[in-house]
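Structure, as structure tokens:
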Amino acid sequence: MKYLSLTLGALLALSAVNLFGQNSHHHHDGTIHPCHTDERTEQLLQENPEWIPLVEEANNELERFTREFEESGAAGERSVKIIPVVFHVIHANGPENISAEQIEDCIRIMTEDFTLQNSDISLVVPAFQNITADVGVEFRLAKLDPNGNCTNGIVRVENQATFNGGENLKSISPAWPRAKYMNVWVCNNISGNAAGYTYTPGTVAGPWGAAADGIVVQHSYVGSIGTANSTTSRTMTHEVGHWINLRHPWGGSNTPGLASNCDIDDDVADTPNTIGWTSCNLNGSSCGSLDNVQNFMEYSFCSRMFTNGQRTRMLAALNSNTASRSNLWTANNLAETGVLTDGVLCNAKFSASQREICAGDSVVYTDMSYHNVTTRNWTFEGGTPSTATGEQVVVYYNEPGTYNVTLQVSDGSNSVSSNEGGFVHVRPTVGVPLPYSQDFESYDAQSPNPADFELDWQYGNTITSSSWEVTSFATGASGTHTLRLPNRNLPAGSVSEIISKPIDLSNTTTDVTISFKYAYARRNPSNNERLRFWVSADCGETWSLRGIWSNNFDTAPFTNVNWFPNSPSHWEQVEITNILENHLVENFRFKFSFESDGGNNFFVDDINISGPLVSSIENMDISQNLSVFPVPATDVLNIALYGADPYMYHIELFNPVGQLVHASGQNAFPGGSAQITLDTRSYAAGMYHLVLINDKGQRAVKRVVLAR
Numbered sequence: 001m002k003y004l005s006l007t008l009g010a011l012l013a014l015s016a017v018n019l020f021g022q023n024s025h026h027h028h029d030g031t032i033h034p035c036h037t038d039e040r041t042e043q044l045l046q047e048n049p050e051w052i053p054l055v056e057e058a059n060n061e062l063e064r065f066t067r068e069f070e071e072s073g074a075a076g077e078r079s080v081k082i083i084p085v086v087f088h089v090i091h092a093n094g095p096e097n098i099s100a101e102q103i104e105d106c107i108r109i110m111t112e113d114f115t116l117q118n119s120d121i122s123l124v125v126p127a128f129q130n131i132t133a134d135v136g137v138e139f140r141l142a143k144l145d146p147n148g149n150c151t152n153g154i155v156r157v158e159n160q161a162t163f164n165g166g167e168n169l170k171s172i173s174p175a176w177p178r179a180k181y182m183n184v185w186v187c188n189n190i191s192g193n194a195a196g197y198t199y200t201p202g203t204v205a206g207p208w209g210a211a212a213d214g215i216v217v218q219h220s221y222v223g224s225i226g227t228a229n230s231t232t233s234r235t236m237t238h239e240v241g242h243w244i245n246l247r248h249p250w251g252g253s254n255t256p257g258l259a260s261n262c263d264i265d266d267d268v269a270d271t272p273n274t275i276g277w278t279s280c281n282l283n284g285s286s287c288g289s290l291d292n293v294q295n296f297m298e299y300s301f302c303s304r305m306f307t308n309g310q311r312t313r314m315l316a317a318l319n320s321n322t323a324s325r326s327n328l329w330t331a332n333n334l335a336e337t338g339v340l341t342d343g344v345l346c347n348a349k350f351s352a353s354q355r356e357i358c359a360g361d362s363v364v365y366t367d368m369s370y371h372n373v374t375t376r377n378w379t380f381e382g383g384t385p386s387t388a389t390g391e392q393v394v395v396y397y398n399e400p401g402t403y404n405v406t407l408q409v410s411d412g413s414n415s416v417s418s419n420e421g422g423f424v425h426v427r428p429t430v431g432v433p434l435p436y437s438q439d440f441e442s443y444d445a446q447s448p449n450p451a452d453f454e455l456d457w458q459y460g461n462t463i464t465s466s467s468w469e470v471t472s473f474a475t476g477a478s479g480t481h482t483l484r485l486p487n488r489n490l491p492a493g494s495v496s497e498i499i500s501k502p503i504d505l506s507n508t509t510t511d512v513t514i515s516f517k518y519a520y521a522r523r524n525p526s527n528n529e530r531l532r533f534w535v536s537a538d539c540g541e542t543w544s545l546r547g548i549w550s551n552n553f554d555t556a557p558f559t560n561v562n563w564f565p566n567s568p569s570h571w572e573q574v575e576i577t578n579i580l581e582n583h584l585v586e587n588f589r590f591k592f593s594f595e596s597d598g599g600n601n602f603f604v605d606d607i608n609i610s611g612p613l614v615s616s617i618e619n620m621d622i623s624q625n626l627s628v629f630p631v632p633a634t635d636v637l638n639i640a641l642y643g644a645d646p647y648m649y650h651i652e653l654f655n656p657v658g659q660l661v662h663a664s665g666q667n668a669f670p671g672g673s674a675q676i677t678l679d680t681r682s683y684a685a686g687m688y689h690l691v692l693i694n695d696k697g698q699r700a701v702k703r704v705v706l707a708r
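Right, here's the structure in full:
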């Protein structure tokens, strides 16, 4: 073990930000990205040079305390220290909005790893089994917030910063007092392609670091379920090790694998000097002795243990006043954060898989109430079922409209409820007829998102307040109004989507053409942004890509100003003609998806859909004489035919991705009414399309929902 006086050079090498870099441990993509400690530390101190002497002093003081703690034998004390935790989930309604169950799974794994209860501890190689450490630290989600209000220890905030996460997350969802909670920020992606990072206590010891103290982690490295998996499940254990003053076993070079790493140290006596590993070589002896490849602070994908020496170093940090770590586990703080009780029922809350659907579609509702819920009573206006008692419920909506949802929960003694008015908007199954034209002139451009605009358009995975809007400040392609995405304000990596209302293509042919005009500028040549155009044959349930543009599709010169098109030359027209037969349905929809990368604003105008209508005979609507039931269907689908005239017909059934899964032979309809049945037991759940075509050239399309 080497005891160091921490100079600026040592700070750059050994403290500040520790990033668990994107490497084979996590991604198995063949690319190894070293930790970004040097880069992050240099950036931190360059941006805040006045911190340098303060950080140096704090690190020296913590090292002095660690030596005295070890020499005193205080590490022999074996009580469990409980640390209250709060997770700040920054999301854009995508997979990064991880479930409470996934977060609780992460808490479980961390606690097992820090208390020697992990199931894989028996796999530690014999040479290190006698120094595997029970650190004696348990983690619990907070049940009381800083104001003493009930919480489940999870804060959720919608913001596009989730796609390029880092220190920006900490202003979007500010840290709870670090003397009372360990703060964790979860996002979709961390700038620099890291799985997570944190600060060691000395780096954030004083008031200058209170707002930054905590861990930033990508959602797929939280726990082992949901968006994560068992391979990535130890990332948080690794980051907490840094947060309690551990370094990588190879010291502070920030580059595992260098031969020179043998000459530096992590200040822990029982972790052998090593060059550092990005693979699980259990026989590795890189510096003259067997390496502790299975250490949680390594980059191998077989982390299993902390050592006794690492335990002592972490306990010293937790007993030190540095960065307020010593207050976290005190009896008073545990009471003030509510982690010593099961909590009381205080909040009725639920999530929905989607809030805007088409008639016949379903919404999955999940109870997220807390704490100690024993019974639930749901009420779904306009839905089937209309009431339910389960923790998760699938509800179908068969009629257009806007509907309320109510949830009442009880713990056996008390009850609380949540009544969400106008929670679900159900669009008509049959869309507007062709020709379709949208020039945005009819909308009120003084309101960013007027009510009539939101009836015609649906936001995808974007945050409404920062995404698409109608503007009159640009020179439109053909008028004064246009659709604008304020892309220059969006972080790199964010994806902004906008979806049309349903459009009826059932009476046209595959010669249909979709055209639109766009205007776009980049700030500089490095902006590699992407525009994607998608179409859907099932009212937005599934999507097919029909066009993609990237890099050099800008229509104006580079500019850093808040750009708006001011000339007809800034507009370019695009035509989409690859519309397949399975998309000729009554609830066709299209979607623009823009992936940001630091460029300037993007505009759309003059959207048109046209195509030859079928002949006068073909155009006779027989859809009204065809019905399918029940909704949803399970084992059998009933098909009812009505009409005065007889005809021959055949039926085709297409699955959610447009594949033909059933085709009947020719059948005779004698006139009047008839009913046939179709066995659907062999088909997976989802949204299907049933097409009836008769010998007069008429066709009818009906959506079919299959449930399991």
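Everything in the sequence shown is counted per the numbering used here, starting at 1 for the first residue and increasing by one. Cβ coordinates follow ideal geometry from the N, Cα and C atoms, glycine included.
Backbone CA spacing between residue i and residue j [nearest angstrom]
i, j, result
"lysine 714", "methionine 368", "The displayed coordinates of the chain run from 1 to 708. Any statement about residue 714 would go beyond what the structure contains."
"alanine 75", "aspartate 270", "15 Å"
"threonine 389", "arginine 376", "5 Å"
"serine 220", "serine 230", "10 Å"
"proline 34", "proline 400", "Interpretation of proline 34 is limited by its pLDDT of 36, a score under 50 that renders its predicted location unreliable; no figure is taken from the coordinates."
"proline 630", "asparagine 528", "48 Å"
"isoleucine 676", "histidine 425", "33 Å"
"leucine 692", "aspartate 105", "49 Å"
"glycine 73", "threonine 227", "42 Å"
"isoleucine 607", "alanine 684", "36 Å"
"isoleucine 90", "glycine 209", "21 Å"
"glutamine 354", "proline 49", "47 Å"
"threonine 429", "asparagine 587", "6 Å"
"threonine 7", "leucine 328", "Bear in mind that the predicted position of threonine 7 carries a pLDDT of just 42, short of 50, making it unreliable; the figure below should be weighed with that in mind. Near 29 Å, if we compare the C-alpha coordinates of leucine 328 and threonine 7."
"asparagine 23", "isoleucine 82", "Model confidence at asparagine 23 stands at a pLDDT of 36, short of 50, so the residue's coordinates are unreliable and nothing is read from them."
Sheet register partners of residue i (DSSP bridge)
i, result
"threonine 677", "Asn638"
"tryptophan 534", "Leu545, Lys591"
"valine 574", "Phe516"
"glycine 686", "Leu706"
"histidine 88", "Val155, Trp185"
"alanine 668", "Met648"
"threonine 307", "Thr132"
"glutamate 138", "Ile82"
"cysteine 150", "Leu144"
Beta-carbon separation (whole angstroms), residue i vs residue j, contact threshold 8 Å
i, j, result
"leucine 483", "phenylalanine 603", "7 Å"
"leucine 584", "threonine 508", "6 Å"
"glycine 383", "valine 395", "4 Å"
"proline 201", "alanine 317", "5 Å"
"threonine 237", "methionine 110", "6 Å"
"valine 535", "arginine 546", "5 Å"
"asparagine 168", "alanine 161", "5 Å"
"asparagine 694", "tyrosine 649", "4 Å"
"phenylalanine 301", "cysteine 280", "6 Å"
Exposure of residue i, with buried meaning 16 or more beta-carbon neighbours within 10 Å
i, result
"arginine 78", "exposed"
"isoleucine 498", "buried"
"proline 53", "exposed"
"proline 174", "exposed"
"glutamate 101", "exposed"
"isoleucine 80", "Here residue 80 turns out to be valine, not isoleucine, going by the sequence shown. Burial call: exposed."
"glycine 665", "exposed"
"asparagine 711", "Since the first residue shown for the chain is 1 and the last is 708, residue 711 is missing from the structure and cannot be characterised."
"asparagine 655", "buried"
"threonine 312", "buried"
"isoleucine 548", "exposed"
"aspartate 361", "buried"
"arginine 699", "buried"
"asparagine 419", "exposed"
"aspartate 605", "buried"
Any C-beta of chain D under 8 Å from that of residue i
i, result
"glycine 599", "Going by chain labels, chain D is absent from the structure shown, which holds only one protein chain."
Distance cut-off 7 Å: residue i Cβ against heavy atoms of the ligand FMN
i, result
"leucine 660", "This structure simply doesn't include the ligand FMN, nor any ligand for that matter."
### Query
Can you list, in chain order, the stretches of the alpha helix (DSSP H) that have 4 or more residues and sit fully within the region 186-261?
235-243
### Uninterrupted alpha helix (DSSP H) stretches inside the region 315-343 (no shorter than 4 residues)
331-336
#### Entry: Segments assigned beta strand (DSSP E), at least 3 residues, entirely inside the region 366-407
375-380, 392-397
### Query
In chain order, which alpha helix (DSSP H) runs of at least 4 residues are fully inside the region 438-512?
451-456
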